[in-house]
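Peer 1:
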Amino acid sequence: MKRIIAPSLLSANLAFLYRDIKMLNESEADWYHIDIMDSSFVSNISFGSSFVKSVKKYANKNKSMDVHLMIMQPERYIEQFKVCGADHLHIHYEACIHLNRTIFSIKESGMKVGIAVNPHTPVYLLQDIIQDIDFVLLMSVNPGFSGQKFIKKTYQKLEDTKDLILKKHSSALIEVDGGVNLENASLLFKNGADILVAGTTIFSNENPQKMIHRMKFGKT
Ligand code: DX5
Ligand code: ZN
């Protein structure tokens, strides 16, 4: 089990984006999580690929750009996000008709691929693609907004995902996204999460770097 922290820039102060990127560069955070929303798959609009390009320009080159596409037909934008600097591309199970083809297109472009599942989507639906992907992104809120309450059913889904990975001899890592805070972070890591995404918990704290440290290593 890894203990990777991926702060979500959806909660950054966009008027001071460079300051927040610099703060993350100098922190113990491992990745930059960037949420792309199209107002169709989710009822919100966020950033496009140019945002990824801007963050990449000032980001620590040792930390990955973890891009979460909450958009319909994500296959239309694979090349665009690759060119703009994405290292990982997460697409939603619910947004893709030809999931197998899209997974392989992402891999062929040289990025790692994650499949995100909404809270209502059972993870057994990933059984025929689990060996082909790098990450399972478990949504622990209904996607679209930061600052929502963690859905406790996620603990059961974490179990189900671990079982599926084991059964299918997959090397996929498990990422949990939404409502992650200092209270549930250690339990999620203990229960098999490899990566935690957090927006509000990190950026609304008066000392975000300390919060990242505490989420990663426990409360002390
Ligand atoms: C939700 C996004 C999350 C969000 C997390 O649709 O995918 O990445 O930014 O924000 P918090 O941590 O505030 O729930
Ligand atoms: Zn996300």
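Under the working numbering, think of the first position of the sequence shown as 2, with each following residue one higher. From the three backbone atoms N, C-alpha and C, an ideal C-beta is built for every residue, glycine too.
For the segment 137-154 and the segment 111-120, state whether three or more C-beta atom pairs, one from each stretch, are separated by less than 8 Å.
Peer 2: yes
Peer 1: Assign residue 123 to buried or exposed, taking buried as 16 or more other Cβ atoms, counted over all protein chains shown, within 10 Å of its Cβ.
Peer 2: exposed
Peer 1: If you follow the alpha helix (DSSP H) that residue 214 is part of, which residue opens it and which one closes it?
Peer 2: 209-218
Peer 1: If you compare alpha carbons, which of 77, 48, 9, 188 is closest to residue 201?
Peer 2: 9
Peer 1: Could you give the distance in angstroms between the alpha-carbon of residue 86 and the alpha-carbon of residue 58?
Peer 2: A straight-line Cα-Cα distance of about 9 Å links residue 86 and residue 58.
Peer 1: Take residue 5 as the anchor and find which of 189, 207, 204 has the nearest alpha-carbon.
Peer 2: 189
Peer 1: Round the Cβ separation of residue 195 and residue 64 to the nearest angstrom and send it over; I've been treating them as touching at under 8 Å.
Peer 2: About 16 Å separates the two Cβ atoms, so there is no contact after all.
Peer 1: Would you identify the three-state DSSP class for residue 144, choosing helix, strand or coil?
Peer 2: Residue 144: coil per DSSP, three-state reduction.
Peer 1: Determine the closest residue to residue 39 out of 70, 181, 53, 79, with distance taken between C-alpha atoms.
Peer 2: The shortest C-alpha separation from residue 39 is found at 70.
Peer 1: From residue 205 to residue 37, what distance separates their C-alpha atoms?
Peer 2: Straight-line Cα distance between these residues: approximately 21 Å.
Peer 1: When you compare only the Cα positions, how much space is there between residue 198 and residue 152?
Peer 2: 14 Å
Peer 1: Could you tell me which residues DSSP pairs with residue 9 in its beta bridges?
Peer 2: 34
Peer 1: Can you tell me whether residue 36 sits near the ligand ZN, meaning its C-beta is under 7 Å from at least one heavy atom of the ligand?
Peer 2: For the ligand ZN, at least one heavy atom lies less than 7 Å from the Cβ of residue 36.
Peer 1: Please report the Cβ distance between residue 156 and residue 192, rounded to the nearest whole angstrom; I am assuming they are in contact, meaning their Cβ atoms lie under 8 Å.
Peer 2: 6 Å
Peer 1: Could you tell me which residues DSSP pairs with residue 136 in its beta bridges?
Peer 2: 115, 174
Peer 1: How about residue 155: is its Cβ closer than 7 Å to a heavy atom in the ligand DX5?
Peer 2: Outside the cutoff, so no.
Peer 1: Count the CB pairs spanning the segment 92-100 and the segment 166-181 that are closer than 8 Å, and state whether there are at least three.
Peer 2: no
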